[in-house]
Structures are given as C-alpha cells and as structure tokens.
Amino acid sequence: MTRTADDAPPIPTAGDSRRGLLLVAIAIVLTAANLRTAVTTVGPVLEELEEGLGVSSAAAGVVTTLPVLCFAAIGFAGPPLAARFRDAHVLAGALLTMAAGLVLRAVVDSFPLFLAGTVLAMVGGALGNVLLPGLVKRWFPERTGLLIGAYSASMAIGGAVAAVSTAPIAAAVGPGGWRWALGVWAVLALVAAVPWFLTPRQPGAGRAAHRAVRMRPLARSPLALTMAAFFGLQAMQAYVVMGWSAQYLRDSGLSAAAAGLLLGINSVVVIPVNAVVPSLTVRQRWQRPLLLGFMACYAVGWTGLWMAPRTLPWLWMSVLAVGMGTFSMVLALIGVRARTPETTAALSTVTQGWGYVLAGTGPLLVGVLRGATGGYTGMFVLIAVATVGLTVTGWLVTRDRYVDDEVPGWSPAEVSPAGAASPRA
C-alpha cells in the first residue's frame with residue numbers, strides 16, 4: 001500500500017534522531033562552504049579575465065554585479081520550490097547546477113556564455129542563502145545561534161580558501177590558468193550535494209503538517225523593508241570588497257598574488273567573527289553595541305584603504321573583515337525577528353531577495369565609475385554613503401519586535417495565491 005503525504009511517518013529512535021540531526025548539520029555546513037566560492041574567485045583574476053574574454057572594465061563590473069542580482073532573482077524561487085519538493089532535494093539540485101555553471105564558465109571563450117555559466121553557478125548560493133535560515137530554525141530551534149554561527153563560519157572558510165587559492169592556481173597552471181582557478185571549485189559543490197540525498201525527512205513533516213505563508217504583505221511591513229535595506233547595504237560593502245578590493249590593490253602597486261592574499265586575509269578574519277556574532281545577536285542587549293562596533297570598523301578600514309593602500313594593507317583588510325560581521329548579524333536577526341520557521345523562511349526570502357537587488361548596484365557602479373574616471377574615488381564615496389545608511393537601518397532593526405505582529409491579518413496558515421509556501425524539511 002502506498003503511503004500518502006499526510007500519513008505520519010514511523011517514530012524514529014533516539015539514535016536515529018541524533019544521526020539525522022548530525023547529517024543535516026553536516027549538509028548545512030558543507031553547503032555553506034560553497035555559497036561564496038563562485039564570487040570570491042573572480043576578484044583575484046579579474047584582470048586576466050578581462051584580457052582572456054576581451055571585455056572592458058564596465059563589462060567586468062557586470063561580472064562582479066551579476067552574482068548579487070542572481071542571488072536576488074533566484075532566491076525568490078526558493079520557497080515555492082521547497083513547497084513542492086523537499087528542501088534537501090532542492091539544495092542537492094542547486095549544488096549540481098552550480099557545479100555545471102562553474103565548469104561552463106571555465107571553458108567558454110564567449111562573454112555571453114561566461115555570464116550564462118555565472119548565472120548557473122549562482123543557483124547553489126542563491127537557494128542556499130534563503131533556505132538555510134529556515135532549515136536551521138526548523139531542525140535546531142534551540143540552537144539557532146550556534147548553527148547559524150557554524151554555517152556562517154563555513155561560508156567564510158570556503159570564501160577565504162577560494163580567494164587565497166585562486167591566484168596561485170592560475171599562476172601554477174600558466175597561460176589561461178584563470179580558467180582552472182575558477183572551475184576547480186565544482187568539485188566542492190559536488191561533494192556538498194551528496195549528504196542532501198541522504199538526509200531524512202523530519203518527523204511529522206508530511207504535507208499537512210506544514211503551513212504556507214504569504215510574502216507579499218511583507219511589502220507593508222516597515223521591519224521587513226528595513227531588514228532588506230540593512231541586508232542590502234551590508235552586502236554591497238561585502239561584494240565591493242570581494243569584487244574590487246583585489247583589483248584596487250593591484251592598481252595601487254601590489255602584485256596579483258599579494259592582492260589575492262590580502263583578500264584571503266579578509267576572508268580568514270571573517271571566520272571567527274561569523275562564528276561568534278550570531279550567538280551574541282540572539283541576545284537583545286548585545287545587538288546595538290555590536291552594530292556600533294561594526295560601523296567603526298567599516299569607517300577605519302575603508303579610510304585606511306583609501307588613504308594608505310600600501311601602508312599596512314593587511315590591517316585595513318582585517319578591520320574591514322570585522323565590520324563584515326554585519327552579515328552573520330543580519331542572518332541571526334532574520335531568525336530573531338520572526339516567530340516560526342514558516343515566517344522565518346518568508347522573511348529570509350524577502351530580506352535577501354530585495355536586499356541583493358540593492359546590493360547589486362554597488363559593484364556595478366564601481367565598475368562604471370572606474371571606467372569613466374580611471375580611478376577609485378567614486379568607489380569610496382559610494383561606500384561612505386552606504387555606511388551611513390547601514391548605521392541608520394541597523395539601529396532600526398535592532399529594536400525588539402516581530403515581523404509576524406506588524407502586518408494585520410498576516411497569518412502563517414494563509415496560503416499565498418502565488419504559491420509561496422514554507423519549505424518541507
């Protein structure tokens with residue numbers, strides 16, 4: 001007899017539950033390690049990419065902006081896909097698609113095909129971005145800060161290893177080595193896909209046990225809009241660092257290897273920051289002190305990089321890395337500002353989707369301004385404005401409130417006509 005979706009699954013033993021939780025945690029951490037590899041590998045070989053594909057600085061700006069736009073557009077597909085299929089299978093498929101995209105953009109000579117490969121490579125990151133916070137809240141409701149810290153640290157480690165390794169891999173291979181440096185990370189994506197095929201369904205996770213939530217009413221939520229702005233402005237800072245800081249340092253007189261190493265230092269310093277910040281952010285009294293500390297780091301790091309890029313550049317990149325703790329902070333806030341896994345998934349999608357649209361303007365404008373002026377003054381002015389906006393929006397989102405309470409009539413039990421629903425574990 002065939003089991004229906006509404007039938008209750010067998011009650012697992014304590015050992016089965018522990019093994020299942022461990023497997024889910026491993027899958028989450030491995031997936032997180034892939035979320036930024038397709039992004040951080042571009043900056044260290046941006047000059048070689050321009051030469052190899054025969055594109056301008058403005059076109060290179062498109063390359064550094066496209067990942068952010070993909071995170072926005074593809075991320076909105078996460079909840080509908082997770083409502084139709086298991087989260088585990090959605091993420092496995094996303095990682096396989098990512099691997100294909102990484103290989104594609106490493107082998108093509110056409111710029112449009114390179115962009116197509118980049119879009120495919122961003123699928124894993126985009127869907128992982130929006131689905132992982134809800135998965136953490138569903139599987140580990142009492143350890144949200146710990147698990148968000150673990151996967152934020154894993155994301156930083158993956159990005160750091162990729163950033164540090166890119167230039168040496170390209171140099172070791174020789175002419176055209178930038179292709180190998182971009183494509184080798186497909187192996188990591190394939191490895192991360194495996195545990196998702198093995199993860200169990202969460203007990204009681206039949207179709208009837210899950211409730212759909214509307215995302216459209218969040219457009220009327222001041223908290224959701226402010227969260228999106230805060231996320232977007234911090235992501236803009238991060239993607240300017242990942243996409244343009246290495247080229248800026250090279251144009252300031254540093255070698256490609258040195259610039260890539262400095263970007264790697266930035267990514268390494270972020271690791272312990274991302275591991276610690278979520279556990280502090282879930283405590284209300286720590287939120288605003290953390291925010292002000294991060295803003296001070298942004299101000300010091302960017303000023304030092306602008307005024308003295310060849311004097312203690314490792315210090316400026318390290319201080320910026322501490323400021324980039326705003327990323328793990330906002331991930332934790334997504335869980336703190338929503339009451340249930342369903343509303344967490346909706347808030348995560350809206351915050352990151354709209355936020356990445358805003359963030360995408362940063363790297364693109366840097367490329368356009370650099371092409372028009374031949375310098376980086378525009379980049380630093382843009383970042384200064386973004387830091388002010390980040391301070392204001394951060395102060396607002398650290399007020400103690402819930403998005404669930406802010407939209408009249410918004411109930412997790414309501415089903416969106418657009419089909420946006422909570423993910424099934």
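Every letter in the sequence shown is one number past the one before it in full-length UniProt numbering, and letter 140, counting from 1, is 140.
Note that CB positions come from ideal geometry on N, CA and C, so glycine has one too.
Please say whether residue 388 and residue 226 have beta carbons closer to each other than 7 Å?
If you number the sequence shown from 1, residue 226 lands on position 226. If you number the sequence shown from 1, residue 388 lands on position 388. The answer is no: Cβ separation not under 7 Å.
Length of the line joining the Cα atoms of residue 314 and residue 301:
Here the question's residue 314 lines up with position 314 in the sequence shown. Here the question's residue 301 lines up with position 301 in the sequence shown. The alpha-carbon atoms of residue 314 and residue 301 are separated by roughly 10 Å.
How big is the Cα-Cα spacing for residue 137 and residue 340?
Numbered from 1 along the sequence shown, position 137 holds the residue referred to as residue 137. Numbered from 1 along the sequence shown, position 340 holds the residue referred to as residue 340. So the two alpha carbons sit approximately 8 Å from each other.
Is the beta carbon of residue 24 closer than 7 Å to that of residue 348?
In the sequence shown, residue 348 corresponds to position 348, counting from 1. In the sequence shown, residue 24 corresponds to position 24, counting from 1. In this structure, residue 24 does not lie closer than 7 Å to residue 348 by Cβ.
Leaving out the 5 sequence neighbours to the left and right, which residues in its chain are closer than 7 Å to residue 268 when beta-carbon positions are compared?
As a working mapping, residue 268 is identified with position 268 in the sequence shown. Once the five neighbours on either side are set aside, the close Cβ partners of residue 268 are 160.
Cβ-Cβ distance between residue 180 and residue 49 below 7 Å:
Counting from one through the sequence shown, the residue named residue 180 turns up at place 180. Counting from one through the sequence shown, the residue named residue 49 turns up at place 49. Between residue 180 and residue 49, the C-beta spacing is not below 7 Å.
Whole angstroms are fine: how far does the CA of residue 98 sit from the CA of residue 120?
Within the sequence shown, the letter at position 120 stands for residue 120. Within the sequence shown, the letter at position 98 stands for residue 98. Their backbone Cα atoms lie some 6 Å apart in a straight line.
When DSSP labels each residue in this structure, what does residue 310 get in the three-state scheme?
Taking the first residue of the sequence shown as 1, we reach residue 310 at position 310. Secondary structure of residue 310 (DSSP, three-state): coil.
Could you check what DSSP says for residue 201 in three-state terms: helix, strand or coil?
Against the sequence shown, residue 201 aligns to sequence position 201. Coil at residue 201, not helix or strand.
Stretch-stretch touch, CB-based, cutoff 8 Å, three pairs: the stretch 278–296 with the stretch 113–127:
Under the three-pair Cβ rule at 8 Å, the stretch 278–296 does not count as touching the stretch 113–127.
Mind checking who residue 18 pairs with in its DSSP beta bridge?
Mapped onto the sequence shown, residue 18 falls at position 18. DSSP lists no partner for residue 18.
Is the Cβ-Cβ distance between residue 243 and residue 64 less than 7 Å?
For this step, residue 243 is matched to residue 243 along the sequence shown. For this step, residue 64 is matched to residue 64 along the sequence shown. Judged by their CB atoms, residue 243 and residue 64 are nearer to each other than the 7 Å cut-off.
Apply the 10 Å Cβ neighbour rule to residue 172 and answer buried if 16 or more other Cβ atoms are within range, or exposed otherwise.
Numbered from its first residue, the sequence shown carries residue 172 at position 172. Residue 172 comes out exposed.
Local conformation of residue 86 per DSSP, three classes:
Numbered from its first residue, the sequence shown carries residue 86 at position 86. DSSP, read as helix, strand or coil, puts residue 86 in strand.
For residue 33, tell me which candidate among 365, 187 and 379 has the shortest Cα-Cα distance.
Taking the sequence shown and counting its residues from 1, the one referred to as residue 33 is at position 33. Nearest of 365, 187 and 379 to residue 33, Cα basis: 187.
Residue 505 vs residue 346 beta-carbon contact at 7 Å
An answer regarding residue 505 cannot be provided, because it is not within the stretch 1 to 425 covered by the chain.
Return the chain-ordered ranges of every beta strand (DSSP E) run that is complete within the stretch 49–110 and spans a minimum of 3 residues.
Secondary structure remark: continuous beta strand (DSSP E) runs of at least 3 residues inside the stretch 49–110: none found.
Out of 368, 110, 343 and 36, point me to the one whose CA is closest to residue 327's CA.
In the sequence shown, counting from the first residue as 1, residue 327 sits at position 327. Nearest of 368, 110, 343 and 36 to residue 327, Cα basis: 36.
According to DSSP, is residue 317 helix, strand or coil?
Indexing the sequence shown from 1 puts residue 317 at position 317. In the structure shown, residue 317 sits in a helix (DSSP, three-state: H, G or I).
Buried or exposed by the 16-neighbour rule on C-beta atoms within 10 Å, applied to residue 234:
The residue you call residue 234 lines up with position 234 of the sequence shown. The residue in question, residue 234, is buried, as its Cβ has 16 or more Cβ neighbours within 10 Å.
For residue 232 and residue 356, what's the separation of their Cα atoms in angstroms?
Position 232 of the sequence shown, counted from the start, is the residue given in the question as residue 232. Position 356 of the sequence shown, counted from the start, is the residue given in the question as residue 356. Residue 232 and residue 356 have their alpha carbons spaced roughly 5 Å apart.
Any 3 or more C-beta pairs closer than 8 Å across the stretch 319–337 and the stretch 266–283:
Yes, since at least three Cβ pairs between the stretch 319–337 and the stretch 266–283 fall closer than 8 Å, the two stretches touch.
Just mark residue 264 as buried or exposed, buried being the case when its beta carbon has 16 or more other beta carbons within 10 Å.
Working through the sequence shown from its first residue, we reach residue 264 at position 264. The residue in question, residue 264, is buried, as its Cβ has 16 or more Cβ neighbours within 10 Å.
For residue 391, which of 75, 351 and 298 has the nearest alpha-carbon?
Residue mapping note: residue 391 aligns to position 391 of the sequence shown, counting from 1. Comparing Cα-Cα distances from residue 391 to each of 75, 351 and 298, the minimum goes to 298.
Best match in 110, 31, 91 and 87 for proximity to residue 53 [C-alpha to C-alpha]:
Your numbering for residue 53 matches position 53 in the sequence shown. Considering only alpha carbons, the answer is 110.
Going along the chain, which residues of its own chain have a beta-carbon closer than 7 Å to the beta-carbon of residue 198, five neighbours each way excluded?
Taking the first residue of the sequence shown as position 1, residue 198 is located at position 198. Once the five neighbours on either side are set aside, the close Cβ partners of residue 198 are 23.
Neighbour-count burial assignment, residue 56, 16 or more Cβ in a 10 Å radius
Position 56 of the sequence shown, counting from 1, holds the residue named residue 56. Residue 56 should be labelled exposed.
Quick one: what does DSSP say residue 141 is sitting in, helix, strand or coil?
Here the question's residue 141 lines up with position 141 in the sequence shown. The DSSP-derived three-state label of residue 141 is coil.
Just to check my reading of the structure: residue 27 and residue 195 have Cβ atoms closer than 8 Å, yes? What is that Cβ distance to the nearest angstrom?
Against the sequence shown, residue 27 aligns to sequence position 27. Against the sequence shown, residue 195 aligns to sequence position 195. Yes, residue 27 and residue 195 are in contact; Cβ-Cβ is about 4 Å, under 8 Å.
Test item: CB-CB of residue 40 and residue 126 under 7 Å:
As a working note, residue 40 is residue 40 in the sequence shown. As a working note, residue 126 is residue 126 in the sequence shown. Not in contact: residue 40 and residue 126 (Cβ atoms no closer than 7 Å).
Short Cβ contact (7 Å threshold) for residue 240 with residue 363
Position 240 of the sequence shown, counted from the start, is the residue given in the question as residue 240. Position 363 of the sequence shown, counted from the start, is the residue given in the question as residue 363. Contact annotation: residue 240 and residue 363 have beta-carbon atoms nearer than 7 Å.
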